[in-house]
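Enquirer:
Numbering (the numbering used here), first residue to last: 90 to 176.
1) Assign residue 110 to one of three DSSP states: helix, strand, or coil.
2) Compute the distance between the beta-carbons of residue 106 and residue 161, then report whether it is under 8 Å.
3) Quick check: residue 151 and residue 127, are their CB atoms within less than 8 Å of each other?
4) Report the CB separation of residue 140 from residue 130 in whole angstroms; it is logged as a contact under 8 Å.
5) Straight-line CA distance for residue 116 to residue 122?
6) How would you write the range of the alpha helix (DSSP H) that residue 161 sits in, first residue to last?
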């Protein structure tokens, strides 16, 4: 296996995309978990203030998820461009 210093810029970029995709996966899981918590706090427990705060966190998590989706897409396009130039 090649160590990090021997990798090309494209290989390092693909590694970063892979890490970003992993973060995206956990981001989606966080959104789902926060939604579950919100439902419990709001409906079952009637803790409206805490439900509101969880909902706020969920909004931030959704914004992060959208931003990371955009970054992954743009970076994949750039990697494909670099790969095409190298061919």
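Glycine residues also receive a C-beta, built at the ideal position from the N, C-alpha and C atoms.
Expert: Let me spell this out:
1) helix
2) yes
3) no
4) 4 Å
5) 10 Å
6) 137-175
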